[in-house]
Amino acid sequence: MSALFCRWGATCCALIAFCLLTGCGLRPLLADVSADHDVLRPGTSIGISYSVGQSARVSIFIEGGGQRYTLRDNEPRSPDTGAYTMRFDGTVPTADPLVPRRLLPNGTYTYRVQATADDGQRAEGGGQIRIEGANLALPRVENLAVSPATISPNGDAIADITEITYRLPISATVDIDIVAPDGTSFALVSRANEGPREWQHTWNGKRPDNALLPAGSYTVTVRAADLYGNVVLQQQTVALENAGQPKVEIISAVISPVRVMLGETITVTLRVKNTGSVPIRTYGPPSGYTYTTDQVYSSVEDARYKAKSGGFWRIGMDWDANGGGGARRYPFRWALSQKPPDQWASPGEEDLLLPGQEVEVVGHVTIVQQENKMGFYVGLIQDGVGFFQDRTARTIVEVSF
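Residue 23 is where the sequence shown starts when you use this note's numbering, and the numbers rise one by one after that.
Below, the structure written as C-alpha coordinates:
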(Lines of atoms letter the chains of each structure in order from A and count residues from 1; the text may use other names and numbers.)
(Lines give C-alpha, C1' and ligand atoms only; values in the text may rest on other atoms or scores of the structure.)
Protein backbone atom coordinates (compact mmCIF):
# COMPACT_ATOMS: atom_id res chain seq x y z
CA MET A 1 0.00 0.00 0.00
CA SER A 2 2.76 2.42 0.93
CA ALA A 3 4.60 1.72 -2.34
CA LEU A 4 1.40 2.19 -4.36
CA PHE A 5 0.72 5.48 -2.63
CA CYS A 6 4.24 6.66 -3.37
CA ARG A 7 3.90 5.77 -7.06
CA TRP A 8 0.55 7.60 -7.26
CA GLY A 9 2.02 10.62 -5.50
CA ALA A 10 4.97 10.73 -7.88
CA THR A 11 2.64 10.62 -10.89
CA CYS A 12 0.57 13.49 -9.52
CA CYS A 13 3.67 15.56 -8.91
CA ALA A 14 4.81 14.97 -12.48
CA LEU A 15 1.43 15.99 -13.86
CA ILE A 16 1.41 19.13 -11.73
CA ALA A 17 4.90 20.03 -12.91
CA PHE A 18 3.90 19.45 -16.53
CA CYS A 19 0.83 21.63 -16.13
CA LEU A 20 2.90 24.39 -14.60
CA LEU A 21 5.23 24.29 -17.59
CA THR A 22 2.63 24.01 -20.34
CA GLY A 23 -0.43 25.60 -18.82
CA CYS A 24 -2.39 22.36 -19.41
CA GLY A 25 -4.64 24.20 -21.85
CA LEU A 26 -5.33 26.97 -19.39
CA ARG A 27 -3.94 29.66 -21.71
CA PRO A 28 -6.85 31.47 -23.35
CA LEU A 29 -7.36 31.16 -27.07
CA LEU A 30 -7.26 34.96 -27.45
CA ALA A 31 -5.94 37.52 -24.97
CA ASP A 32 -4.49 41.01 -24.54
CA VAL A 33 -6.52 42.60 -27.35
CA SER A 34 -5.73 46.31 -27.30
CA ALA A 35 -4.86 49.40 -29.35
CA ASP A 36 -1.83 51.54 -28.54
CA HIS A 37 -3.78 54.76 -29.25
CA ASP A 38 -7.48 55.54 -29.24
CA VAL A 39 -7.31 58.49 -31.67
CA LEU A 40 -6.06 58.20 -35.25
CA ARG A 41 -5.31 61.13 -37.56
CA PRO A 42 -4.38 61.09 -41.27
CA GLY A 43 -0.76 60.18 -41.86
CA THR A 44 -0.44 58.24 -38.61
CA SER A 45 -1.29 54.70 -37.55
CA ILE A 46 -2.28 52.74 -34.49
CA GLY A 47 -1.19 49.27 -33.46
CA ILE A 48 -3.86 46.66 -32.76
CA SER A 49 -2.23 43.94 -30.63
CA TYR A 50 -3.31 40.50 -29.43
CA SER A 51 -1.88 37.14 -28.40
CA VAL A 52 -3.10 33.58 -28.95
CA GLY A 53 -2.69 30.62 -26.62
CA GLN A 54 -3.37 27.97 -29.25
CA SER A 55 -2.91 27.53 -32.97
CA ALA A 56 -5.70 29.57 -34.51
CA ARG A 57 -6.91 31.49 -37.50
CA VAL A 58 -7.39 35.18 -36.86
CA SER A 59 -9.61 37.79 -38.51
CA ILE A 60 -9.58 41.51 -37.72
CA PHE A 61 -12.43 43.88 -38.56
CA ILE A 62 -13.23 47.58 -38.29
CA GLU A 63 -16.91 48.42 -37.82
CA GLY A 64 -18.69 51.73 -38.05
CA GLY A 65 -21.58 53.45 -39.78
CA GLY A 66 -23.28 50.13 -40.35
CA GLN A 67 -20.30 48.80 -42.31
CA ARG A 68 -17.75 46.11 -41.53
CA TYR A 69 -14.30 46.26 -43.13
CA THR A 70 -12.01 43.25 -43.13
CA LEU A 71 -8.37 43.99 -42.32
CA ARG A 72 -7.19 40.41 -41.79
CA ASP A 73 -9.12 37.39 -43.02
CA ASN A 74 -8.71 33.97 -41.40
CA GLU A 75 -4.92 34.14 -41.21
CA PRO A 76 -2.99 31.40 -39.34
CA ARG A 77 -1.33 32.31 -36.04
CA SER A 78 0.79 30.16 -33.70
CA PRO A 79 0.93 30.32 -29.88
CA ASP A 80 3.43 32.91 -28.82
CA THR A 81 4.46 34.40 -25.50
CA GLY A 82 4.59 37.81 -27.15
CA ALA A 83 1.87 39.76 -28.90
CA TYR A 84 1.01 40.07 -32.56
CA THR A 85 0.58 43.65 -33.77
CA MET A 86 -1.15 44.94 -36.88
CA ARG A 87 -0.63 48.58 -37.92
CA PHE A 88 -3.81 50.33 -39.03
CA ASP A 89 -3.52 53.64 -40.90
CA GLY A 90 -7.24 54.35 -41.10
CA THR A 91 -7.67 53.13 -44.67
CA VAL A 92 -9.87 50.25 -45.77
CA PRO A 93 -10.63 48.43 -49.04
CA THR A 94 -13.86 49.50 -50.73
CA ALA A 95 -16.40 47.95 -53.07
CA ASP A 96 -15.81 50.69 -55.64
CA PRO A 97 -13.40 49.33 -58.30
CA LEU A 98 -12.18 52.87 -59.02
CA VAL A 99 -11.38 53.53 -55.33
CA PRO A 100 -9.54 50.39 -54.18
CA ARG A 101 -8.66 51.92 -50.81
CA ARG A 102 -9.71 55.02 -48.91
CA LEU A 103 -9.39 56.73 -45.55
CA LEU A 104 -12.39 56.25 -43.28
CA PRO A 105 -14.32 59.44 -42.47
CA ASN A 106 -14.26 61.04 -39.05
CA GLY A 107 -16.08 59.08 -36.37
CA THR A 108 -15.92 56.38 -33.72
CA TYR A 109 -15.17 52.83 -34.86
CA THR A 110 -15.00 49.43 -33.21
CA TYR A 111 -12.10 47.10 -33.90
CA ARG A 112 -12.68 43.38 -33.43
CA VAL A 113 -10.19 40.52 -33.31
CA GLN A 114 -11.67 37.04 -33.79
CA ALA A 115 -9.74 33.79 -33.28
CA THR A 116 -10.88 30.29 -34.25
CA ALA A 117 -8.97 27.29 -32.90
CA ASP A 118 -8.37 24.07 -34.81
CA ASP A 119 -11.13 22.37 -32.77
CA GLY A 120 -13.67 25.08 -33.69
CA GLN A 121 -13.47 27.00 -30.42
CA ARG A 122 -13.89 30.76 -30.93
CA ALA A 123 -12.91 33.86 -29.02
CA GLU A 124 -13.28 37.58 -29.69
CA GLY A 125 -11.94 40.82 -28.28
CA GLY A 126 -11.87 44.46 -29.30
CA GLY A 127 -12.32 48.08 -28.42
CA GLN A 128 -13.03 51.51 -29.88
CA ILE A 129 -10.95 54.11 -31.70
CA ARG A 130 -11.79 57.56 -32.99
CA ILE A 131 -10.70 58.95 -36.36
CA GLU A 132 -10.24 62.72 -36.57
CA GLY A 133 -9.20 65.14 -39.33
CA ALA A 134 -9.96 62.67 -42.10
CA ASN A 135 -12.36 64.78 -44.17
CA LEU A 136 -9.82 65.18 -46.97
CA ALA A 137 -10.33 65.28 -50.72
CA LEU A 138 -9.46 62.06 -52.52
CA PRO A 139 -6.74 62.14 -55.17
CA ARG A 140 -8.09 61.90 -58.72
CA VAL A 141 -6.91 60.83 -62.14
CA GLU A 142 -8.68 63.19 -64.52
CA ASN A 143 -9.07 63.18 -68.30
CA LEU A 144 -7.28 59.88 -68.83
CA ALA A 145 -6.75 59.28 -72.55
CA VAL A 146 -4.80 56.67 -74.49
CA SER A 147 -4.10 57.73 -78.07
CA PRO A 148 -4.02 56.23 -80.56
CA ALA A 149 -6.36 53.55 -79.26
CA THR A 150 -4.91 51.00 -81.69
CA ILE A 151 -1.19 50.57 -82.30
CA SER A 152 0.96 48.27 -84.43
CA PRO A 153 4.38 48.02 -82.76
CA ASN A 154 6.39 46.78 -85.73
CA GLY A 155 9.07 49.42 -86.22
CA ASP A 156 7.52 51.13 -89.24
CA ALA A 157 7.04 54.46 -87.39
CA ILE A 158 3.29 54.33 -88.06
CA ALA A 159 1.30 54.03 -84.81
CA ASP A 160 4.21 52.23 -83.14
CA ILE A 161 3.52 53.87 -79.77
CA THR A 162 0.58 55.20 -77.79
CA GLU A 163 0.52 58.21 -75.49
CA ILE A 164 -1.06 58.00 -72.04
CA THR A 165 -2.17 61.41 -70.81
CA TYR A 166 -3.99 62.52 -67.66
CA ARG A 167 -4.21 65.30 -65.12
CA LEU A 168 -3.62 65.19 -61.36
CA PRO A 169 -5.39 67.91 -59.33
CA ILE A 170 -3.19 67.14 -56.29
CA SER A 171 0.21 65.52 -55.85
CA ALA A 172 0.18 61.74 -55.79
CA THR A 173 2.33 58.65 -56.14
CA VAL A 174 1.49 57.11 -59.51
CA ASP A 175 1.72 53.57 -60.85
CA ILE A 176 0.79 52.63 -64.41
CA ASP A 177 0.22 48.95 -65.19
CA ILE A 178 -0.52 47.20 -68.46
CA VAL A 179 -2.85 44.20 -68.20
CA ALA A 180 -2.77 41.68 -71.05
CA PRO A 181 -5.83 39.81 -72.37
CA ASP A 182 -4.77 36.72 -70.38
CA GLY A 183 -4.76 38.70 -67.13
CA THR A 184 -1.00 38.97 -66.70
CA SER A 185 0.34 42.44 -66.02
CA PHE A 186 3.56 44.42 -65.89
CA ALA A 187 4.53 47.87 -64.70
CA LEU A 188 5.06 50.75 -67.10
CA VAL A 189 5.54 53.37 -64.35
CA SER A 190 6.33 52.50 -60.72
CA ARG A 191 6.04 54.73 -57.64
CA ALA A 192 6.47 58.00 -59.53
CA ASN A 193 5.93 61.14 -57.44
CA GLU A 194 3.92 63.46 -59.67
CA GLY A 195 2.64 66.94 -58.96
CA PRO A 196 -0.65 68.67 -59.81
CA ARG A 197 -0.49 69.14 -63.60
CA GLU A 198 -0.91 67.37 -66.92
CA TRP A 199 1.19 64.24 -67.38
CA GLN A 200 2.19 62.17 -70.39
CA HIS A 201 3.81 58.74 -70.75
CA THR A 202 4.40 56.62 -73.84
CA TRP A 203 4.14 52.88 -74.35
CA ASN A 204 5.73 51.08 -77.29
CA GLY A 205 3.39 48.09 -77.15
CA LYS A 206 6.08 45.77 -75.80
CA ARG A 207 7.15 44.23 -72.51
CA PRO A 208 9.75 46.03 -70.37
CA ASP A 209 12.44 43.73 -71.85
CA ASN A 210 11.29 44.82 -75.34
CA ALA A 211 9.74 41.42 -76.07
CA LEU A 212 6.81 41.39 -78.45
CA LEU A 213 3.26 40.95 -77.19
CA PRO A 214 0.41 39.12 -78.96
CA ALA A 215 -2.40 41.00 -80.62
CA GLY A 216 -5.41 41.82 -78.48
CA SER A 217 -6.99 44.37 -76.17
CA TYR A 218 -4.80 45.61 -73.30
CA THR A 219 -5.93 47.57 -70.24
CA VAL A 220 -3.97 50.62 -69.11
CA THR A 221 -4.47 51.22 -65.37
CA VAL A 222 -3.33 54.52 -63.86
CA ARG A 223 -3.32 54.33 -60.05
CA ALA A 224 -2.77 57.37 -57.80
CA ALA A 225 -2.13 57.24 -54.04
CA ASP A 226 -1.87 60.20 -51.65
CA LEU A 227 0.14 60.55 -48.44
CA TYR A 228 -2.75 59.25 -46.33
CA GLY A 229 -3.29 55.89 -48.02
CA ASN A 230 -6.17 56.83 -50.33
CA VAL A 231 -5.88 55.01 -53.66
CA VAL A 232 -7.87 55.76 -56.82
CA LEU A 233 -7.54 54.54 -60.38
CA GLN A 234 -8.77 55.04 -63.91
CA GLN A 235 -8.55 52.66 -66.86
CA GLN A 236 -8.53 52.77 -70.64
CA THR A 237 -7.91 50.14 -73.28
CA VAL A 238 -5.50 49.99 -76.20
CA ALA A 239 -5.55 47.41 -78.99
CA LEU A 240 -2.40 45.81 -80.40
CA GLU A 241 -2.30 44.52 -83.95
CA ASN A 242 0.32 43.58 -86.54
CA ALA A 243 3.08 43.48 -83.93
CA GLY A 244 6.45 42.31 -85.16
CA GLN A 245 10.18 42.92 -85.36
CA PRO A 246 11.62 44.38 -88.59
CA LYS A 247 14.62 42.48 -89.91
CA VAL A 248 16.46 42.81 -93.20
CA GLU A 249 19.55 40.97 -94.45
CA ILE A 250 22.03 41.59 -97.23
CA ILE A 251 22.16 38.23 -99.01
CA SER A 252 24.92 39.18 -101.45
CA ALA A 253 26.83 42.27 -102.58
CA VAL A 254 29.27 42.82 -105.42
CA ILE A 255 31.16 46.06 -106.14
CA SER A 256 32.77 46.33 -109.59
CA PRO A 257 34.88 47.03 -111.51
CA VAL A 258 37.87 47.16 -109.19
CA ARG A 259 40.03 49.25 -111.58
CA VAL A 260 38.71 52.49 -113.05
CA MET A 261 39.88 55.80 -114.41
CA LEU A 262 38.99 59.01 -112.61
CA GLY A 263 35.53 60.02 -113.82
CA GLU A 264 34.40 56.46 -114.48
CA THR A 265 31.58 54.71 -112.66
CA ILE A 266 31.48 51.71 -110.34
CA THR A 267 28.39 49.60 -109.74
CA VAL A 268 27.16 47.88 -106.59
CA THR A 269 24.71 45.00 -107.05
CA LEU A 270 22.98 43.64 -103.97
CA ARG A 271 20.36 41.12 -103.06
CA VAL A 272 18.38 42.08 -99.97
CA LYS A 273 15.73 40.01 -98.16
CA ASN A 274 13.09 40.82 -95.56
CA THR A 275 13.69 38.05 -93.02
CA GLY A 276 11.35 39.52 -90.42
CA SER A 277 7.64 39.21 -89.82
CA VAL A 278 6.48 42.70 -90.81
CA PRO A 279 6.69 44.84 -93.97
CA ILE A 280 9.70 47.13 -94.30
CA ARG A 281 9.16 50.72 -95.45
CA THR A 282 11.73 52.12 -97.86
CA TYR A 283 12.27 55.11 -100.14
CA GLY A 284 14.78 56.50 -102.65
CA PRO A 285 16.72 57.30 -104.52
CA PRO A 286 15.49 54.31 -106.53
CA SER A 287 17.54 51.36 -107.69
CA GLY A 288 19.70 52.42 -110.65
CA TYR A 289 20.37 55.95 -109.37
CA THR A 290 23.88 57.33 -110.04
CA TYR A 291 25.83 59.51 -107.57
CA THR A 292 29.21 61.16 -107.81
CA THR A 293 31.64 60.81 -104.91
CA ASP A 294 31.10 64.44 -103.93
CA GLN A 295 27.34 64.01 -103.53
CA VAL A 296 25.25 63.02 -100.52
CA TYR A 297 21.82 61.36 -100.57
CA SER A 298 20.33 64.18 -98.47
CA SER A 299 21.12 66.89 -101.01
CA VAL A 300 20.32 65.27 -104.36
CA GLU A 301 16.99 65.79 -106.13
CA ASP A 302 16.26 68.95 -104.12
CA ALA A 303 16.77 67.07 -100.84
CA ARG A 304 13.69 64.91 -101.39
CA TYR A 305 15.55 61.86 -100.08
CA LYS A 306 16.89 63.29 -96.83
CA ALA A 307 16.57 61.06 -93.76
CA LYS A 308 13.06 60.44 -92.47
CA SER A 309 11.82 58.81 -89.28
CA GLY A 310 13.10 55.53 -87.86
CA GLY A 311 10.59 53.43 -89.77
CA PHE A 312 12.43 53.64 -93.10
CA TRP A 313 15.22 51.38 -94.33
CA ARG A 314 17.67 51.78 -97.20
CA ILE A 315 20.83 50.19 -98.53
CA GLY A 316 23.96 52.34 -98.47
CA MET A 317 27.53 52.44 -99.74
CA ASP A 318 30.52 54.29 -98.24
CA TRP A 319 34.31 54.24 -98.50
CA ASP A 320 37.12 54.16 -95.94
CA ALA A 321 38.46 57.69 -96.34
CA ASN A 322 35.05 59.28 -95.98
CA GLY A 323 35.46 60.33 -92.36
CA GLY A 324 32.25 62.28 -92.05
CA GLY A 325 29.51 61.54 -89.55
CA GLY A 326 25.79 62.24 -89.68
CA ALA A 327 24.60 62.58 -93.25
CA ARG A 328 28.14 61.89 -94.52
CA ARG A 329 27.96 58.33 -93.19
CA TYR A 330 26.86 56.08 -96.06
CA PRO A 331 26.41 59.06 -98.40
CA PHE A 332 25.16 56.85 -101.25
CA ARG A 333 21.79 55.28 -100.44
CA TRP A 334 19.12 53.45 -102.44
CA ALA A 335 15.63 52.07 -101.85
CA LEU A 336 15.14 48.40 -100.97
CA SER A 337 13.06 48.01 -104.10
CA GLN A 338 13.71 47.10 -107.71
CA LYS A 339 10.59 48.93 -108.90
CA PRO A 340 10.57 52.38 -110.48
CA PRO A 341 9.15 55.06 -108.14
CA ASP A 342 5.86 55.32 -110.02
CA GLN A 343 5.18 51.66 -109.15
CA TRP A 344 5.92 51.97 -105.43
CA ALA A 345 3.23 51.24 -102.84
CA SER A 346 2.90 55.03 -102.47
CA PRO A 347 4.05 56.20 -105.92
CA GLY A 348 7.04 58.50 -105.73
CA GLU A 349 7.02 58.44 -101.91
CA GLU A 350 7.74 54.99 -100.47
CA ASP A 351 7.60 51.27 -101.16
CA LEU A 352 7.25 48.13 -99.04
CA LEU A 353 9.53 45.11 -98.82
CA LEU A 354 7.18 42.38 -97.65
CA PRO A 355 8.10 39.53 -95.26
CA GLY A 356 10.05 36.88 -97.16
CA GLN A 357 10.49 39.11 -100.22
CA GLU A 358 13.94 39.31 -101.82
CA VAL A 359 14.95 42.04 -104.28
CA GLU A 360 17.97 43.06 -106.32
CA VAL A 361 19.15 46.63 -105.88
CA VAL A 362 21.67 48.28 -108.19
CA GLY A 363 23.50 51.52 -107.49
CA HIS A 364 26.11 53.53 -109.37
CA VAL A 365 28.81 55.93 -108.16
CA THR A 366 30.98 58.02 -110.47
CA ILE A 367 34.51 58.47 -109.06
CA VAL A 368 35.60 62.11 -108.97
CA GLN A 369 37.62 61.72 -105.75
CA GLN A 370 41.37 61.77 -106.38
CA GLU A 371 42.39 58.73 -104.36
CA ASN A 372 44.57 55.92 -105.70
CA LYS A 373 42.80 53.24 -103.70
CA MET A 374 39.28 53.47 -102.32
CA GLY A 375 37.90 50.83 -99.93
CA PHE A 376 34.16 50.70 -100.66
CA TYR A 377 31.66 48.75 -98.54
CA VAL A 378 27.89 48.47 -98.07
CA GLY A 379 25.48 48.35 -95.15
CA LEU A 380 21.83 48.60 -94.16
CA ILE A 381 20.50 51.83 -92.69
CA GLN A 382 17.40 52.36 -90.58
CA ASP A 383 16.93 56.12 -90.59
CA GLY A 384 17.31 57.64 -87.16
CA VAL A 385 18.17 54.28 -85.59
CA GLY A 386 21.50 52.98 -86.84
CA PHE A 387 23.53 50.88 -89.25
CA PHE A 388 23.17 47.12 -89.69
CA GLN A 389 25.54 44.68 -91.42
CA ASP A 390 27.95 47.60 -91.33
CA ARG A 391 31.00 47.51 -93.64
CA THR A 392 29.83 44.46 -95.61
CA ALA A 393 31.51 43.30 -98.86
CA ARG A 394 34.48 45.69 -98.52
CA THR A 395 36.18 46.00 -101.90
CA ILE A 396 39.35 47.91 -102.90
CA VAL A 397 38.85 49.95 -106.07
CA GLU A 398 42.03 51.25 -107.75
CA VAL A 399 41.62 54.66 -109.41
CA SER A 400 43.98 55.93 -112.10
CA PHE A 401 44.28 59.63 -112.94
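Even for Gly, the Cβ is constructed at its ideal location relative to N, Cα and C.
Sequence-distant partners of ASP324 (beyond 5 residues in either direction) whose C-beta falls short of 8 Å from its own C-beta are missing from its chain. Restricting attention to GLN392, THR92 and PRO119, the CA atom closest to the CA of GLY112 is found in THR92. DSSP places ASP412 within a strand segment (E or B) once states are collapsed to three.
Judged by their CB atoms, PRO301 and PRO363 are not nearer to each other than the 7 Å cut-off.
Collapsing the DSSP output to three states places PRO369 in coil.
Of all C-beta pairs linking the region 215-222 to the region 335-342, fewer than three are shorter than 8 Å, placing the two stretches out of contact. Relative to the Cα of GLY408, the nearest Cα in the group ILE418, PHE334, LYS361 and ALA343 belongs to PHE334.
Taking ASN165 as reference, the option from LEU158, THR187, GLU146 and ALA53 with the minimal CA-CA separation is THR187. Per the DSSP secondary-structure output, ASP340 pairs in a beta bridge with TYR399. For GLY148, the uninterrupted beta strand (DSSP E) segment begins and ends at 144-153. Taking every protein chain shown into account, the CB of ILE68 has 16 or more other CB atoms within 10 angstroms, so this residue is buried. In the structure shown, the three-state DSSP call for VAL121 is coil.
Here the C-alpha atom of ASP405 lies approximately 56 Å from the C-alpha atom of ARG109. Excluding its 5 nearest sequence neighbours in each direction, PRO170 has C-beta neighbours in its own chain below 7 Å: ALA181 and THR184, listed in chain order. Counting only residues of its own chain and dropping the five nearest sequence neighbours on each side, TYR327 has a CB closer than 6 Å to the CB of GLY306, PRO307 and TYR319.
The straight-line gap separating the alpha-carbon atoms of LEU255 and ARG351 is approximately 48 Å. Taking all protein chains in view, the Cβ of GLY205 is surrounded by fewer than 16 other Cβ atoms within 10 Å, so the residue is classified as exposed. Counting other Cβ atoms within 10 Å of its Cβ, VAL387 reaches 16 or more and is therefore classed as buried.
Beyond the five residues adjoining it in sequence on each side, ALA137 comes within less than 6 Å, by CB distance, of LEU51, LEU52, VAL74, ALA78, VAL80 and ALA145 in the same chain, given in chain order. Per DSSP, VAL390 lies in no beta strand (DSSP E) segment and is marked neither H nor E. The beta strand (DSSP E) runs lying completely inside the region 64-111 and spanning 3 residues or more are 68-74, 78-86, 89-99 and 106-110, given in chain order.
Close CB contacts of HIS59 within its chain, under the 7 Å cut and outside five residues either way in sequence, are with ILE68 (chain order). Taking C-beta atoms as the reference points, LEU160 and ASN252 count as a pair closer than 7 Å. Comparing alpha-carbon positions, the option among THR132, VAL121 and ALA117 lying closest to VAL55 turns out to be THR132. Taken through DSSP and simplified to helix, strand or coil, VAL322 comes out as helix. In the DSSP annotation of this structure, the continuous segment of the beta strand (DSSP E) that includes SER56 starts and ends at 52-57. Excluding sequence positions up to five before and after ASP342, its CB lies within less than 6 Å of the CB of GLY397, all in the same chain and listed in chain order.
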